[in-house]
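Enquirer: Got a structure for you, questions after.
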Amino acid sequence: MNDKEINDKRLDKDFRSISFSGYKKSAAKKELLNYMFAGKIEESCYWSVELICAGHYVDLWDSIFLYISKFINLGNPRLPLYIDHRLNDFKNILNGGYTDSELKLRNNNKIRRLFAEVICVLCLSKRKNSYDPPKIKDTEYNSINLTHKLKAPSVDYANKIFKKDDPKELFISINELAWHIDKSNKNSSEAYYWIEWILGFENICKKNKSIKSIASRREAPVESKFQRDIIWLVWDVIFQESKKHPEGVQKIIESLLNLFSARFSPGSKKRRKTMLYFAISLLTEPFDSTIPLYKDKKVIAQVTSKIDNIYKQIKKNEVKPMTDYLFNNNWNAGNLEKTIDKLNRMDAITNMVPRNK
Numbered sequence: 001m002n003d004k005e006i007n008d009k010r011l012d013k014d015f016r017s018i019s020f021s022g023y024k025k026s027a028a029k030k031e032l033l034n035y036m037f038a039g040k041i042e043e044s045c046y047w048s049v050e051l052i053c054a055g056h057y058v059d060l061w062d063s064i065f066l067y068i069s070k071f072i073n074l075g076n077p078r079l080p081l082y083i084d085h086r087l088n089d090f091k092n093i094l095n096g097g098y099t100d101s102e103l104k105l106r107n108n109n110k111i112r113r114l115f116a117e118v119i120c121v122l123c124l125s126k127r128k129n130s131y132d133p134p135k136i137k138d139t140e141y142n143s144i145n146l147t148h149k150l151k152a153p154s155v156d157y158a159n160k161i162f163k164k165d166d167p168k169e170l171f172i173s174i175n176e177l178a179w180h181i182d183k184s185n186k187n188s189s190e191a192y193y194w195i196e197w198i199l200g201f202e203n204i205c206k207k208n209k210s211i212k213s214i215a216s217r218r219e220a221p222v223e224s225k226f227q228r229d230i231i232w233l234v235w236d237v238i239f240q241e242s243k244k245h246p247e248g249v250q251k252i253i254e255s256l257l258n259l260f261s262a263r264f265s266p267g268s269k270k271r272r273k274t275m276l277y278f279a280i281s282l283l284t285e286p287f288d289s290t291i292p293l294y295k296d297k298k299v300i301a302q303v304t305s306k307i308d309n310i311y312k313q314i315k316k317n318e319v320k321p322m323t324d325y326l327f328n329n330n331w332n333a334g335n336l337e338k339t340i341d342k343l344n345r346m347d348a349i350t351n352m353v354p355r356n357k
């Protein structure tokens, strides 16, 4: 039997809240982010494989999106172009015969190498301080209390964006957002404030059972039923401003939009809002556009060529026919440290198993 091929009897629904080896999905995602932040390539690959083998591709991509936008951003400004390209590669493989069972992707060599490469590039990328978005108080949705935040010299900025069916309650906030990212002003912190304000406004409307929709933005790369979501008004502002910048910046922002829109749902906005901050920083802050995507090609080649060793280790946690007793409550977040310790003691041939820091 192939010692690197995953043959597990569990179905997609069996992995709904856990990784392949039975860790809580949230814990596996946290470990992945922690190890990427620490620059630990082998350990990061391990936790990505835990998600891959359980079919959690949306969660894995969301973790990648979060990391590049929150922790790397301008440290590697052209990274969204690369991630966008790899996401398209993933989609092409998926649509090549795996749409009925995404779990089967875990045994596809191209998929294994694709994610190993992506994780490696992220670990090797220079980081920049993460964003610290402001918290908006409920009282700040009272027009009287908001007066001191209004800085735009005119309403011309929103007039360029607004359409007939856009909610008038958002006119001022959109005008302020457009002003603060304008090339003549460039105030990223104030722009972040207005993004948070707009997202908060939508939450208040939902609580009051008064859903607000905008005029359809047909250019948004999502299903038509989602094209009236308020978030595309924000992206409209960003794209209008990007036209004043070099083509290279426009392409990066376009890639950020593509990533933001991948399998979009109203619930994904909150998870991916750091991509909006990344886009804002590209328009308002100086950055070095000559930073190479990656430097150490040898490391990346070595990791991708040996990625199957991690799958061999994780294969030990397969649930096979007549072995249901292996899949029980012994695998949970409560014994996460104990299990990690066991993994750390494994004598992997290529040292591709998580080690203590």
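If you're matching positions, the sequence shown starts at 1 in full-length UniProt numbering and goes up one per residue.
Where is the CB? At the ideal position from N, CA and C, for every residue including glycine.
(1) Give me the Cα-Cα distance between PHE37 and PHE71, rounded to the nearest whole angstrom.
(2) What are the boundary residues of the alpha helix (DSSP H) that GLY267 is part of?
(3) With H, G and I counted as helix, E and B as strand and the rest as coil, what does DSSP make of ILE6?
(4) Please report whether the beta-carbon of TRP194 lies at a distance below 8 Å from any beta-carbon of chain B.
(5) Can you check which of these residues, LYS25, LEU11, CYS53, GLY75, is closest to SER63 by C-alpha distance?
(6) Restricting to Cα atoms, I'd like to know which of CYS53, ILE93, LEU122 is closest to LEU103.
(7) Per DSSP, what kind of secondary structure is MET253 in: helix, strand or coil?
(8) Determine the direct distance from the alpha carbon of SER101 to that of ASP14, and round the result to whole angstroms.
(9) Can you tell me whether DSSP reads ILE307 as helix, strand or coil?
(10) Per DSSP, LYS24 is paired with what?
(11) Give a yes or no on whether the C-beta atoms belonging to ARG112 and ASP308 are separated by under 8 Å.
(12) Smallest Cα separation from PRO292: which of ALA152, ALA116, SER125?
(13) Can you tell me whether ILE181 is helix, strand or coil according to DSSP?
(14) Mark residue 407 as exposed unless 16 or more other C-beta atoms lie within 10 angstroms of its C-beta, in which case mark it buried.
(15) Can you tell me which of PHE162, SER305, PHE278, TYR311 puts its alpha carbon nearest to the alpha carbon of GLY75?
(16) Of the residues SER154, GLU169, GLN250, LYS243, which one's Cα is nearest the Cα of ILE230?
(17) Excluding sequence positions up to five away, which residues of its chain have a Cβ less than 6 Å from the Cβ of LEU199?
(18) I'd like the list of long-range same chain contacts for PRO134, defined as Cβ closer than 7 Å, with 5 residues on each side in sequence excluded.
(19) Of all the options ILE68, SER173, ASN92, LEU122, which has the alpha carbon lying nearest to the alpha carbon of HIS148?
(20) Does the stretch 239-254 come close enough to the stretch 266-277 that 3 or more CB-CB pairs lie under 8 Å?
(21) Less than 7 Å between C-beta atoms, sequence neighbours within five positions excluded: which residues of the same chain meet that for SER130?
(22) Buried or exposed, going by whether 16 or more other CB atoms sit within 10 Å of the CB of HIS85?
(23) Which residues in the same chain have their Cβ closer than 6 Å to the Cβ of VAL118, if we skip the five residues on either side of it in sequence?
(24) Taking C-beta to C-beta, are PHE65 and LEU257 nearer than 8 Å?
(25) What ranges does the beta strand (DSSP E) occupy inside the stretch 67-136, keeping only unbroken runs of at least 3 residues that lie completely in it?
(26) Return the Cβ separation of LEU276 and VAL234 in integer angstroms, given the expectation that the two are a contact with Cβ distance under 8 Å.
(27) Is the beta carbon of GLN240 less than 8 Å from the beta carbon of ILE161?
(28) Between LYS183 and the rest of its own chain, which residues show a CB-CB distance below 6 Å, the 5 nearest in sequence each way excluded?
(29) How far does the alpha helix (DSSP H) with LYS207 in it extend, from its first residue to its last?
(30) Hey, out of LYS298, SER261, LYS163, VAL299, whose CA is closest to TRP61's CA?
(31) Would DSSP call ASP165 helix, strand or coil?
(32) Would you give the residue range spanned by the alpha helix (DSSP H) that residue 372 belongs to?
(33) Determine whether the beta carbon atoms of GLU50 and TYR23 lie at a separation below 8 Å.
(34) Do residue 360 and ASN317 have their C-beta atoms closer together than 8 Å?
Expert: In short:
(1) Within the sequence shown, the letter at position 37 stands for residue 37. Within the sequence shown, the letter at position 71 stands for residue 71. C-alpha separation (whole angstroms): 8 Å.
(2) What you label residue 267 is simply residue 267 of the sequence shown in a count that begins at 1. Neither: GLY267 is in no alpha helix (DSSP H) and is coded neither H nor E.
(3) Along the sequence shown, read from residue 1 onward, the residue named residue 6 stands at position 6. Reduced to three states, the DSSP call for ILE6 is coil.
(4) Among the protein chains of the structure shown there is no chain B, as only one such chain exists.
(5) As a working mapping, residue 63 is identified with position 63 in the sequence shown. When each option's Cα is compared against that of SER63, the closest is LYS25.
(6) By 1-based counting over the sequence shown, the position of residue 103 is 103. That would be CYS53, whose Cα lies nearest to the Cα of LEU103.
(7) Here residue 253 is taken as the residue at index 253 of the sequence shown, counted from 1. Reading the sequence as shown, one finds Ile at residue 253 and not Met. If DSSP states are grouped into helix, strand and coil, ILE253 belongs with the helices.
(8) Mapped onto the sequence shown, residue 14 falls at position 14. Mapped onto the sequence shown, residue 101 falls at position 101. Going by the C-alpha atoms only, they are around 14 Å apart.
(9) One-based indexing of the sequence shown puts residue 307 at position 307. Here ILE307 sits in coil by DSSP.
(10) The residue given as residue 24 occupies position 24 in the sequence shown. The partner list for LYS24 (beta bridge, DSSP) reads ILE18.
(11) Here residue 112 refers to the residue found at position 112 when the sequence shown is read from its first residue. Here residue 308 refers to the residue found at position 308 when the sequence shown is read from its first residue. Against a cut-off of 8 Å, the Cβ pair of ASP308 and ARG112 comes out as a contact.
(12) On the sequence shown, position 292 is the one that residue 292 refers to. Closest by C-alpha distance to PRO292, out of ALA152, ALA116, SER125, is SER125.
(13) Looking up residue 181 in the sequence shown gives position 181. It is coil, neither helix nor strand.
(14) Lying outside 1 to 357, the shown extent of the chain, residue 407 is not represented and no answer is given.
(15) Taking the sequence shown and counting its residues from 1, the one referred to as residue 75 is at position 75. Minimum Cα distance to GLY75 is reached at PHE278.
(16) Start at 1 with the first residue of the sequence shown, and residue 230 comes out as number 230. Ranking the options by Cα distance to ILE230, first place goes to GLU169.
(17) Counting from one through the sequence shown, the residue named residue 199 turns up at place 199. Nothing meets the Cβ criterion.
(18) On the sequence shown, position 134 is the one that residue 134 refers to. TYR192, TYR193, GLU196, listed in sequence order.
(19) Here residue 148 refers to the residue found at position 148 when the sequence shown is read from its first residue. If we check each option's Cα against that of HIS148, SER173 comes out closest.
(20) no
(21) The count along the sequence shown starts at 1 and reaches residue 130 at position 130. So the qualifying residues of the chain are LYS70, PHE71.
(22) Here the question's residue 85 lines up with position 85 in the sequence shown. When all chains shown are included, HIS85 counts as exposed.
(23) Working through the sequence shown from its first residue, we reach residue 118 at position 118. Closer than 6 Å at Cβ, skipping near neighbours: ARG86.
(24) To locate residue 65, count along the sequence shown from 1; it is residue 65. To locate residue 257, count along the sequence shown from 1; it is residue 257. Result no, Cβ atoms of PHE65 and LEU257 do not sit closer than 8 Å.
(25) Runs found: none.
(26) Your numbering for residue 276 matches position 276 in the sequence shown. Your numbering for residue 234 matches position 234 in the sequence shown. Confirmed, about 6 Å.
(27) Position 240 of the sequence shown, counted from the first residue, corresponds to residue 240. Position 161 of the sequence shown, counted from the first residue, corresponds to residue 161. The answer is yes: Cβ separation under 8 Å.
(28) Walking along the sequence shown from the start, residue 183 turns up at place 183. Cβ within range, chain order: LYS244.
(29) Taking the first residue of the sequence shown as position 1, residue 207 is located at position 207. 188-207 is the extent of the alpha helix (DSSP H) around LYS207.
(30) The sequence position of residue 61 within the sequence shown is 61, counting from 1. Nearest of LYS298, SER261, LYS163, VAL299 to TRP61, Cα basis: SER261.
(31) Counting from 1 along the sequence shown, the entry for residue 165 is found at position 165. In this structure, ASP165 counts as coil in the three-state DSSP scheme.
(32) Examination of residue 372 is not possible in this model, given that the chain is present from 1 through 357 alone.
(33) Counting from 1 along the sequence shown, the entry for residue 50 is found at position 50. Counting from 1 along the sequence shown, the entry for residue 23 is found at position 23. In this structure, TYR23 lies closer than 8 Å to GLU50 by Cβ.
(34) Since the displayed the chain opens at 1 and closes at 357, residue 360 lies outside it and no answer follows.
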